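Student: Protein chains in written order, with the numbering used here: chain A, 61 to 519; chain B, 33 to 529; chain C, 1194 to 1761. To start, I am sharing the structure in question, which I have written as structure tokens.
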Amino acid sequence: MNNTHESPRKVCCPAVLKGLAGLTLVLSLLVPARALAQAMSKSQQPEKTYAIRGAKITTLAGPVIEKGNIVMRGGRIVAIGADAAIPADAEVLDAAGLEAYPGFFDAVDQIGLQEVGAVAATVDSHELGQFNPQLNALTAVHPASEHIPVTRAAGITEVVSAPSPGGFGGGGGGVILGQATVINLAGWTVEEMMVRRSVAMVVNWPDFNTRSFDFSTFSVKERSFTEAKKEYDKKVQELTDFFEEARHYQQAVEKGSAQNYIRDLKLEAMIPVLKGELPLLVLADRAREIRGAVEFCDKQKVRMIVGSGADSMKVADLLKAKNIPVILGPTLRLSNDEDDPYDKFFTLPGDLQKKGIRFALASFDVEFVRRLSQQAGNAVAYGLSHEDGLKAISLYPAQILGLDKDLGTLETGKIANIILTNGDPLELRTEVKNLYINGRPTSTDNKHKQLFEKYSKRP
Amino acid sequence: MKNPSVLGTILLAGLFAGLLAPALAAQDSGVTLIENATILTVTKGTIENGSILIRNGKIAQVGKNIKAPEGATVIDAKGMYVTAGIIDCHSHIAVEGNVNEGSVAVSSMVGVGDVINPDDIDIYRDLAGGVTTANVLHGSANPIGGLNQVIKLRWGKDAEELKFEGAPPGIKFALGENPKRNNFNPPPGIPRRYPESRMGVMDVIRQAFVDAREYKKSWDEYNKRVAAGDKAAIPPRRDLKLEPLVEVLEGKRYVHSHCYRADEILQLMRLAEEFGFRIRTLQHVLEGYRVADEIAAHGAGGSTFSDWWAYKMEAYEAIPYNAAMMTRRGVIVSVNSDSAEEARHLNQEAAKTMKYGGMTEDEALRMVTINPAIQLGIDKRVGSIEPGKDADLVIYNHHPLSVYAVAQKVFIDGHIYFDREKDLAMREAQAAERKALLEKAKKAAEAEKKAGEKPGADRKPDSEKKPDGAAPPQGKDEKPKEPPKPPQQVAVAGFLD
Amino acid sequence: MKQSKNGRSLPVVLAWVLLLALGFGGLGSLQRSASADEPRYFALQNIKVVPVSGPPIEGATLVIAKGRIAALGTGVAIPPEAWVIDGKGLTVYPGLFDALSDIGLGVAAPAESAGGRGAGRGAGGPAVTPEMISRGPQDRPASTPWLEAADELKADDKKIETWRSGGFTTALSTPTRGLFPGQGSVIDLAGERPGDLVVKPAASVEVTLNGPGGFFGFPGSLMGAIAYIEQVYLDAEQDTAAQRIYAAAPRANERPDYDRVLRALEAAQAAGEPVLIPANTSPQILRGLVLAEKIKARPVLYGVQQGYAVATALAGKQAVALVNAKWPEREKDADPEAEEPLRTLRARDRAPGTPAALAKAGVRFAFYDGGLSGPKDMLKNVKKAIDAGLPPEAALRALSLTPAEIYGVADRLGSIDVGKIANLVVTDGDLFGEKTKIKLVFVDGRKFEIKEAEKPKEPPKGDLTGKWSLAFSTDQGQMQATADLAMSPGGSVSGTVTHPFGTSPLLSGYLSANSFTFTISADPGGRPQEFTFSGTVEGNSIKGHINGPGFATEFTGTRPGAALAAGE
């Protein structure tokens, strides 16, 4: 394995990757984030090898291996298969009777950014101000958050931690919320956890609402369509203006001389977006807002992912034509429209699948991230295939976010995020017995288990 | 039978009866047989290839090889699972207006029974998730809240017909962050409401019961004077706030108390004991696992969430093992929803207790059927599949504790109130109706416009010039029925309810 | 003297106030002068009479004497002092009765934007202040049942004339704010002084279910409002008993409290005044029946637009329905993409069928305006109910005799019978006919001739649509206003005029050839007055006169925006 000590930011840049040939080289460059972190946190021990023996393996990259082995080293899977040889020095888990799956990937949440929702002091998921592209979720992820062990015990091994629009009791008004980061749910520091520092620019698309709920008075405010449209148009215009400003800045940076402009962190952070390197993750639910966002991204020639996407079936043709993927909000939610089919959100993933639109499922939450497999299970109950149900929370988010070379399936060369269960991982009663994150055995112990054990012992 | 027209009529009638048989027979004969099902009776084990005979809204017979009586509607449930209708011990559906009378610390004068809205679509949505009975509670803004209303989800019936006849009356209490209102701020200039601490919450409750005793005394004295023939006795004022509390003192009204922390749970139970009554259910009771022995000794039931936590400080030590742990220590436990969404998959939420704490299938199923029935005092009527009980049943296509189980048919009182096939079939008809109504309205508007546009014609009516809206239904403005739903909004229910 | 909103100078404000003060004087002189000058005897000859209390009579004579109907029939002698009116081709009906309104109370007309009476009723008013925060029923929040509309009347309320001109001679007018806003009064729609209008000062008690306190004051919920009303009636019952017993044995008891709210309600109860309960949707209607039972009142519900679904239940309880004739409509400025619930669409479609359903089920009902802007809309909407199956006779009864019965004045009003108050409307055809015109209205035997509103005579030449800057001079100096107008192809003009005292919608307006006229109602402080702008349009400029009460001036205007647009 390599020992390149390049900065993670540069390595993450797809433009750099594009120029490189050969899978091994690419892989060697993708590792450094972890390697760097390890180099800094550990003494110069040789990499340890871990192996899983005799598990039923669902790789999601090919047929199920009824009984097989997985070998991992340096955080990566180095061998997998029915006959994969287990090196003599490997620390081996005898997984007879267990099933191995890729760890689940929650494509949008606020893990590490929020501890207790109602306690503002523990919430770091949103900022003041309309445009904050310079913010990065990674700079606030709390590695000691109790949510991390609780969540991974439910089989989620990596997440996109993203700035959020605020919502109950705070925030609001933000449009460009900041950059989302991809982290493994294990590590002593964020540097150890980090998979990719910046994976998307989160945009909270302006609401187009004649009704809004005012939390300060607990009442619904009504306004006319004209008024709502005016405000919406104004917000979109402001966003457009901001992009224009960023473009001017980009030009100045790329073509001008450094003496002739003052460094602006906000505008600088927009450059990867303008270059098409960093997608916009646009949080939008209703058809008109999704259409507005698509039109905007088209004009701005930037990449777009729909986030939440409640009404994405209403704009399915458009999404399909533009090849825009959707990271869906929870299947366990209710429609605001009483005439919508009662099972609208249960069938939505299957509906998108049938339409040929790329999608993933995400929690958009903190404490309910652990319901991710339940969310997928419900989609399966209402028409999505079981395999797609699994992929919707593993391979598909990886693909949509451009991380499928590293994550999403169990294949040689990928980051070894593996769960071992005693059954179908989408089933409610199934337990995650063992976890490997970043190629290392990771405890399923957590605050809840500890309290369970402690109070079970109360005389 | 010689008269051909009479014969024709009879023949025609027969034909109609045949056509309408599936819809009418269940209503008319009142007899339905569900057969070939896996029956999870909840209380009497599982019957493979079993049948349930429904007669006049009640379960008449359960077992193998029941022959369909003549005229009975037969439902072949091969490969399906039947279980008792789900009972949600903590719901806020079907309430018109604000679910909280949050202005006062003691709001026992109000009752959700007064404002049941049978048109709330959440009734149907929850019904489609297998819920047949719900305990509709007042919100949790007050140490002593309003009166609750147990309903059956008889979608399509009016408010009074939804009410669970004979269900014991109850009242909502609430402890902790919500009644002390730490997570809320009144607008500028409006004073905060007492209490703002857990000390104050207990004080408010204790004071209210002191007042209730005094109130009772004043009536007792008055009645004594009247009985003694005193014509000069002035009757005390009837107090709608204190009357329900007197009923609580007399054991005639159940207390369903929202609570989180172990300390407040204990305090409330002790306070109740001080006044000689018992808490019927502890709602949420997220730290119940810490005082499970005390809860069991007091005799309260615990109605909790499956896996909610960390949405506020008092939920930070909530654990999904709670239901199982309380059960193991002898508490009757139910898993509730507190949310129209969550209610749709209470069967799934119950299933989690198998993973978190090792409940058996039966124990898990009990959490959303017979246990909430016991807690609500309606277990003689509902909660399990037993002869004599109400035919409130759900037919699932998978085991109800599986994530893949989808409710196919839901019976209440022997009638099918939800049928997935019919729901699917109805969707096109609804779209067509919508289109027709919009078309009709558009035409009418155009005709009216045309009439007003002719030069020299009557002046345009003023109403067309001034912006005036369609009349919204009364009272609707009070409840934030549709708060914008940011993806993170899921836990908001826990603050309001 | 307060500074006007947009910060105009004080002299300008003063100028307007002065102008309007002049206006008051002028208007006063236009009012009906001393009644002695007016004839008190009329005879309508050879007319068709629809008495409502009986079958129609063709070719009849109807004699009015000193405010009352003196004689009616085919062979009736005409007194020599009578002013004889040839009724050939005319029909006379009882004057129409608006069963729930704020006519005469001087409530600003456009305030009904929330959907009119029965919807936002009881809500509104000033923002919540700490003093208004009630901490329970004992604080008697927003309760003023002692108020009687009769004591709040303004004889010069523009609405009186508006409704009278459309055939309405009578209304139940009630205070509008609060949970117990006050008592309704039956008024006749003509009179010089407020007292002249009043037929029955205390005719109804109304409750609303809109708490004043939002989330923070009691009641803050619908169930709170219901509980409050129930508690108040329980208290009233106790208070009645307490007073009676205390009066008999003052030394045996503590002195009962005096509570103005209770005393007013007890008096109303004793007088048999109906309690009006709001209920529009079918669940609300059924709930209203329950509430009536709880407060031991005869159920009289208002709103009732979904009565079509629960007519049998209403009949079963022998309920009375006041039907809001402002049928639900789609919001004018609604989101075109918003999919309205099927439930809403159905209710909108079926609401006009409610009166027919009520009639069929045998439910007594009357119509009220629900915030409709005028009698024409009201009659048009009643016509919609007729089109939906309501027999025309039943419609007429619901606009005359039934409301009179509901409010206990059927012995003097509501039908054409000898001895009753001569409240009449004379038309040139069927009352609900599209082309029928109202010719005469009698209120308390006083005759009002109905002038037809002016209409555009020719198709418009030019277009008034756009934003106009208007300038005009007064003896106080130059003033400015802007008019934001929209013209339909037919020539009717709508929009707003922004002037130093705010923004007023056009009450009416049209362009006939190149001559326009439009009217606004401006309220400089005190009460609204009408101002009419008339003149001609040439391209992007207009000129003409502004006329108001005791006020006239010339004005010019330009449309700068359009010129700019044309130049591009």
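Here a beta-carbon is modelled for each residue, glycine too, at the ideal position from N, C-alpha and C. In this text the structure is predicted, and so the values were computed from the model without any measurement.
Looking only at DSSP bridge pairs, what is C/Thr1363 linked to?
Tutor: Position 170 of the third sequence, counting from 1, holds the residue named residue 1363 of chain C. In DSSP, C/Thr1363 forms a bridge with C/Phe1290 and C/Asp1381.
Student: With which residues is C/Val1391 paired in a DSSP beta bridge?
Tutor: As a working note, residue 1391 of chain C is residue 198 in the third sequence. BP columns for C/Val1391 point to C/Ile1380.
Student: Kindly give me the distance between the Cβ atoms of B/Ile364 and B/Gly389, rounded to whole angstroms, as I take these residues to be in contact under 8 Å.
Tutor: Within the second sequence, numbered from 1, the residue matching residue 364 of chain B stands at position 332. Within the second sequence, numbered from 1, the residue matching residue 389 of chain B stands at position 357. About 15 Å separates the two Cβ atoms, so there is no contact after all.
Student: For A/Ser368, which option in A/Ser224, A/Leu486 and A/Gln310 has the closest C-alpha, if you only look at C-alpha atoms?
Tutor: Taking the first residue of the first sequence as position 1, residue 368 of chain A is located at position 308. Of A/Ser224, A/Leu486 and A/Gln310, the residue nearest in Cα terms is A/Ser224.
Student: Going along the chain, which residues of its own chain have a beta-carbon closer than 6 Å to the beta-carbon of A/Ile125, five neighbours each way excluded?
Tutor: Here residue 125 of chain A refers to the residue found at position 65 when the first sequence is read from its first residue. Ile117 and Ala142.
Student: Which whole-angstrom value describes the C-beta separation of C/Pro1521 and C/Ala1550, a residue pair presumed to lie in contact below a C-beta threshold of 8 Å?
Tutor: In the third sequence, counting from the first residue as 1, residue 1521 of chain C sits at position 328. In the third sequence, counting from the first residue as 1, residue 1550 of chain C sits at position 357. Actually they do not touch by this definition, with Cβ atoms about 16 Å apart.
Student: Ends of the beta strand (DSSP E) at B/Glu67?
Tutor: Locating residue 67 of chain B in the second sequence gives position 35, where the first residue counts as 1. From DSSP, the beta strand (DSSP E) with B/Glu67 extends over Val63 to Leu72.
Student: Whose CA, out of A/Gly499, A/Gln413 and A/Ile236, lies closest to the CA of A/Glu151?
Tutor: What you label residue 151 of chain A is simply residue 91 of the first sequence in a count that begins at 1. Nearest option by C-alpha distance: A/Gly499.
Student: Identify which residue in C/Asn1707, C/Leu1572, C/Thr1355 and C/Phe1726 has its Cα closest to the Cα of C/Gly1733.
Tutor: Counted from its first residue, the third sequence places residue 1733 of chain C at position 540. Looking at the sequence provided, one finds Asn at residue 1733 of chain C rather than Gly. With distances taken between Cα atoms, C/Asn1733 lies closest to C/Asn1707.
Student: How would you label A/Ser101, buried or exposed, when you count the other beta carbons within 10 angstroms and need 16 or more for buried?
Tutor: Locating residue 101 of chain A in the first sequence gives position 41, counting from the first residue. Confidence at A/Ser101 is low in this model, with a pLDDT of 47, below 50, so the placement of that residue should be treated as unreliable; the coordinate-derived value is given next. The residue in question, A/Ser101, is exposed, as its Cβ has fewer than 16 Cβ neighbours within 10 Å.
Student: Run through chain A and tell me which residues come within less than 9 Å of C/Pro1534, C-beta to C-beta.
Tutor: Here the question's residue 1534 of chain C lines up with position 341 in the third sequence. Ordered by position in chain A, the residues that pass the 9 Å Cβ test against C/Pro1534 are Asp397, Glu398 and Asp399.
Student: Using a Cβ cut-off of 9 Å, pull out every chain B residue sitting near C/Tyr1439, in sequence order please.
Tutor: Position 246 of the third sequence, counted from the start, is the residue given in the question as residue 1439 of chain C. By Cβ distance, chain B contributes Ala264 and Ile266.
Student: With three or more C-beta pairs closer than 8 Å as the rule, is the region 1432-1441 of chain C touching the region 1502-1510 of chain C?
Tutor: Result no; under three Cβ-Cβ pairs closer than 8 Å.
Student: Please return the same chain residues whose Cβ sits closer than 8 Å to the Cβ of A/Ala75, not counting the five positions on each side in sequence.
Tutor: Numbered from 1 along the first sequence, position 15 holds the residue referred to as residue 75 of chain A. In this prediction, A/Ala75 has a pLDDT of 37, which is less than 50 and means its spatial position is unreliable; what the coordinates show is noted afterwards. So the qualifying residues of the chain are Lys335 and Glu337.
Student: Determine the closest residue to A/Asn477 out of A/Thr217, A/Glu206 and A/Asn192, with distance taken between C-alpha atoms.
Tutor: If you number the first sequence from 1, residue 477 of chain A lands on position 417. That would be A/Thr217, whose Cα lies nearest to the Cα of A/Asn477.
Student: Could you tell me the boundaries of the beta strand (DSSP E) in which B/Val363 lies?
Tutor: In the second sequence, the residue the question calls residue 363 of chain B occupies position 331. Here B/Val363 belongs to no beta strand (DSSP E), and DSSP marks it neither H nor E.
Student: Whether or not the region 204-223 of chain A and the region 487-499 of chain A are in contact is what I'm after, with contact meaning three or more pairs of Cβ atoms, one per stretch, closer than 8 Å; do they touch?
Tutor: They touch, by the three-pair rule.
Student: From the DSSP secondary-structure annotation, give me the bridge partner or partners of A/Glu159.
Tutor: Taking the first sequence and counting its residues from 1, one reaches residue 159 of chain A at position 99. Answer by DSSP bridge pairing, in chain order: A/Lys116 and A/Thr481.
Student: Whole angstroms are fine: how far does the CA of B/Ala240 sit from the CA of C/Pro1568?
Tutor: In the third sequence, the residue the question calls residue 1568 of chain C occupies position 375. In the second sequence, the residue the question calls residue 240 of chain B occupies position 208. If you take the alpha carbons of C/Pro1568 and B/Ala240, they lie about 54 Å apart.
Student: If we cut at 8 Å on Cβ distances, does C/Ala1527 have a partner in chain A?
Tutor: As a working mapping, residue 1527 of chain C is identified with position 334 in the third sequence. Interface residue, yes.
Student: Classify A/His308: buried if its beta carbon has 16 or more other beta carbons within 10 angstroms, exposed otherwise.
Tutor: Numbered from 1 along the first sequence, position 248 holds the residue referred to as residue 308 of chain A. By the neighbour-count rule (16 or more Cβ atoms within 10 Å), A/His308 is not buried but exposed.
Student: Per DSSP, A/Phe285 forms a beta bridge with which residues?
Tutor: One-based indexing of the first sequence puts residue 285 of chain A at position 225. None, per the DSSP bridge assignment.
Student: B/Glu326 and B/Leu298 look like a contact to me (Cβ under 8 Å); what is the Cβ gap, rounded to whole Å?
Tutor: Residue mapping note: residue 326 of chain B aligns to position 294 of the second sequence, counting from 1. Residue mapping note: residue 298 of chain B aligns to position 266 of the second sequence, counting from 1. The Cβ separation is near 6 Å, so the contact holds.
Student: CB B/Met358 to CB B/Gly420, shorter than 8 Å?
Tutor: The residue you call residue 358 of chain B lines up with position 326 of the second sequence. The residue you call residue 420 of chain B lines up with position 388 of the second sequence. No, Cβ-Cβ distance for B/Met358 and B/Gly420 is not below 8 Å.
Student: What is the DSSP secondary structure of C/Leu1455, counted as helix, strand or coil?
Tutor: Residue 1455 of chain C sits at position 262 when you count from the first residue of the third sequence. Here C/Leu1455 sits in helix by DSSP.
Student: By Cβ distance below 6 Å, which residues in the same chain neighbour C/Leu1469 in space, the five residues on each side in sequence not counted?
Tutor: The residue given as residue 1469 of chain C occupies position 276 in the third sequence. Closer than 6 Å at Cβ, skipping near neighbours: Ser1397, Glu1399, Val1493 and Tyr1495.
Student: Rounded to a whole number of angstroms, what is the C-alpha to C-alpha distance between C/Gly1750 and C/Leu1515?
Tutor: Looking up residue 1750 of chain C in the third sequence gives position 557. Looking up residue 1515 of chain C in the third sequence gives position 322. Cα-Cα distance, rounded: 47 Å.
Student: Out of C/Trp1356, C/Asn1403 and C/Phe1373, which one is the CA nearest neighbour of C/Asp1381?
Tutor: If you number the third sequence from 1, residue 1381 of chain C lands on position 188. Comparing Cα-Cα distances from C/Asp1381 to each of C/Trp1356, C/Asn1403 and C/Phe1373, the minimum goes to C/Trp1356.
Student: Answer with yes or no whether the minimum CB distance from B/Asp451 to chain A is below 8 Å.
Tutor: The residue labelled residue 451 of chain B in the question sits at position 419 within the second sequence. Taking Cβ atoms only, chain A never reaches closer than 8 Å to B/Asp451, which makes this a no.
Student: Which chain C residues are close to B/Pro200, counting only those with a beta carbon under 9 Å from its beta carbon?
Tutor: What you label residue 200 of chain B is simply residue 168 of the second sequence in a count that begins at 1. By Cβ distance, chain C contributes nothing, its closest Cβ being about 20 Å from B/Pro200, past 9 Å.
Student: Is any beta-carbon of chain C found at less than 8 Å from that of A/Ser284?
Tutor: Here the question's residue 284 of chain A lines up with position 224 in the first sequence. Yes, contact with chain C.
Student: Return the first residue and the last residue of the beta strand (DSSP E) that C/Pro1471 is part of.
Tutor: Start at 1 with the first residue of the third sequence, and residue 1471 of chain C comes out as number 278. Unbroken beta strand (DSSP E) run through C/Pro1471: Val1468 to Ala1472.
Student: With C-beta atoms as the reference, is C/Leu1402 less than 8 Å away from C/Ala1429?
Tutor: Stepping through the third sequence from its first residue, residue 1402 of chain C is reached at position 209. Stepping through the third sequence from its first residue, residue 1429 of chain C is reached at position 236. No, they are not a contact pair.
Student: Have a look at the DSSP bridge pairing and note the partners of B/His290.
Tutor: Counted from its first residue, the second sequence places residue 290 of chain B at position 258. Partner(s): B/Ala206 and B/Gln315.
Student: Between B/Asp190 and chain C, is there a C-beta pair that is closer than 8 Å?
Tutor: The residue given as residue 190 of chain B occupies position 158 in the second sequence. Yes, B/Asp190 counts as interfacial toward chain C.
Student: Can you check DSSP and say which residues form a bridge with C/Pro1653?
Tutor: Position 460 of the third sequence, counting from 1, holds the residue named residue 1653 of chain C. DSSP output for C/Pro1653 lists C/Ala1706 as bridge partner(s).
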